[in-house]
Amino acid sequence: MATDFKSIPIIDISPLVAKCDDPKRVQDPDVLEVVGQLDQACREAGFFYVVLFYSPSFSLTVIKGHGIPDSLIKDVKNAAHKFFDLPYEEKMKIKLSPAAGYRGYQRIGENITKGIPDMHEAIDCYREITPGMYGALGKVIEGVNQWPHDPPYFEYETLFFCTLIDLSRKIVRGIALALGGSADEFEGERAGDAFWVLRVIGYPGVSNTNGQNAPENDIGCGAHTDYGLVTLVNQDDGITALQVRNQSGEWISAPPIPGTFVCNIGDMLKIWSNGMYDSTLHRVINSSPKYRVCVAYFYEPNFDAAVEPLDICKDKTGGIKKYGKAVYGEHLASKLETNFV
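Using the UniProt record's numbering, the first residue of the sequence shown is number 1, and each one after it goes up by one.
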């Protein structure tokens, strides 16, 4: 359960990134230090930063050492800005629809959170699955990702996927150790063949009339939790919009730090941890006149994984399972079928 945190916690994850596959990792005091700090961050906030460069001028707590080239992150976001700047008719050439497996472009206000349109547009992509691979369970998500032809996009995304998959796997191995399990606790039938979701999101700037902000709706994305294991988000610099709710109901800003990803816990990890780690509510509030882009990568369980509290977590939380079994693919499908206008 999240606490009354006032900022996002500080951790240097580089020892874990370097040694997460080393059989002697649990004998390394630096790795154990990271694992302990990850445990504290996940218990207290459910959010933390993964940062490429750390500057002492930032007062936030930060995780550094993710190892993803800053140039690659910039290429992806620059391509996103160019796409969202295209005429509406051009963007609609790759429009999202149920028939397309919910893959492609969604217009502003098409995504719904708790009955309220979200003021963002996006390109939604999912790991492609072979038709029939998961039977009726996977039918809703079958399809081929739709990539923009102008500007060229796929070459950036392919490399980006590879780096994010590897980083996510290493973070999850650290979290497994933090829970008291083995590093490969979430591999195999749980997340050894992890599903993934990528959302490239554009938030329009609020309008300005006679010096007064007059947005139709300033909610870029309504309060929600994420569905899966962990999420990595990279935000445009210079615009604060992401907010995380603490236990007292205060909305704590998570401002962008150049070269960083924000990482947070999803619903499936909350279940696996039997509530030791919470999938914290968060939202996006549009308050800047500048257009803002963020890239969100969701590292998920296997699509057909049956998720229920781990025994090690049940033992640490009174011996009672707080959550019933959930099949990840069913959970995702139920969200997709109610998320759009």
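Built from N, CA and C at the ideal position, the CB exists for glycine as well. The structure presented is a predicted model; accordingly, all values stated were derived computationally and were not measured.
- Query: Buried or exposed: residue 343, going by 16 or more other Cβ atoms within 10 Å of its Cβ?
  - Reply: Look at the range of the chain in this structure, 1 to 341, and you will see that residue 343 is not part of it.
- Taking Cβ to Cβ, would you say Leu229 is nearer than 8 Å to Leu269? Going by C-beta atoms, Leu229 is nearer than 8 Å to Leu269.
- Message: If contacts are defined as beta-carbon pairs under 8 Å, then Ala45 and Val244 qualify, I think. What distance do you get, rounded to the angstrom?
- Response: Rounded to whole angstroms, the Cβ separation of Ala45 and Val244 is 7 Å, and the two are in contact under 8 Å.
- When you compare only the Cα positions, how much space is there between Gly275 and Gly192? A direct Cα-Cα distance of roughly 22 Å separates Gly275 from Gly192.
- What separation, rounded to the nearest whole angstrom, lies between the Cα atoms of Pro87 and Lys93? Cα-Cα distance, rounded: 11 Å.
- Task: Going by DSSP, name the residue or residues bridged to Gly104.
- Result: Per DSSP, the beta bridge partners of Gly104 are Asp124.
- Rounded separation between Leu32 and Gly180 - CA only: Looking at the two C-alpha atoms, the distance is approximately 12 Å.
- Quick one: what does DSSP say Gly188 is sitting in, helix, strand or coil? The three-state reading of DSSP puts Gly188 in coil, since its state is none of H, G, I, E or B.
- Does the pairing of the segment 302-311 with the segment 323-338 give three or more beta-carbon distances under 8 Å? Yes: at least three Cβ pairs fall under 8 Å.
- Message: On the DSSP bridge list, what partners appear for Ile219?
- Response: Bridge partners of Ile219: Ile285.
- Message: Taking contact to mean 3 or more Cβ pairs, one atom from each stretch, closer than 8 Å, check whether the segment 135-149 and the segment 102-121 are in contact.
- Response: Yes, since at least three Cβ pairs between the segment 135-149 and the segment 102-121 fall closer than 8 Å, the two stretches touch.
- Ile235 - partner residues in DSSP beta bridges: As written in the sequence, residue 235 is Gln, which differs from the Ile given in the question. According to DSSP, Gln235 bridges with Cys294.
- C-alpha gap between Ile175 and Glu89, whole angstroms: Between Ile175 and Glu89, the alpha-carbon positions lie close to 44 Å from each other.
- Message: Taking its Cβ as the centre, do 16 or more other Cβ atoms sit within 10 Å of Val26, making it buried, or is it exposed?
- Response: Its Cβ having fewer than 16 others within 10 Å, Val26 is exposed.
- Query: Looking at the unbroken alpha helix (DSSP H) that takes in Ile129, where does it start and where does it end?
  - Reply: That residue, Ile129, is in no alpha helix (DSSP H); it is neither H nor E in DSSP.
- Taking C-beta to C-beta, are Val200 and Val295 nearer than 8 Å? With contacts defined as CB atoms closer than 8 Å, Val200 and Val295 qualify as a contacting pair.
- Item | Proximal residues to Ile68 (C-beta, below 6 Å), its chain only, five neighbours per side dropped | Around Ile68: Thr163.
- Message: For Tyr134 and Gly238, I'd like the C-alpha separation in whole angstroms.
- Response: Tyr134 and Gly238: Cα-Cα distance of roughly 43 Å.
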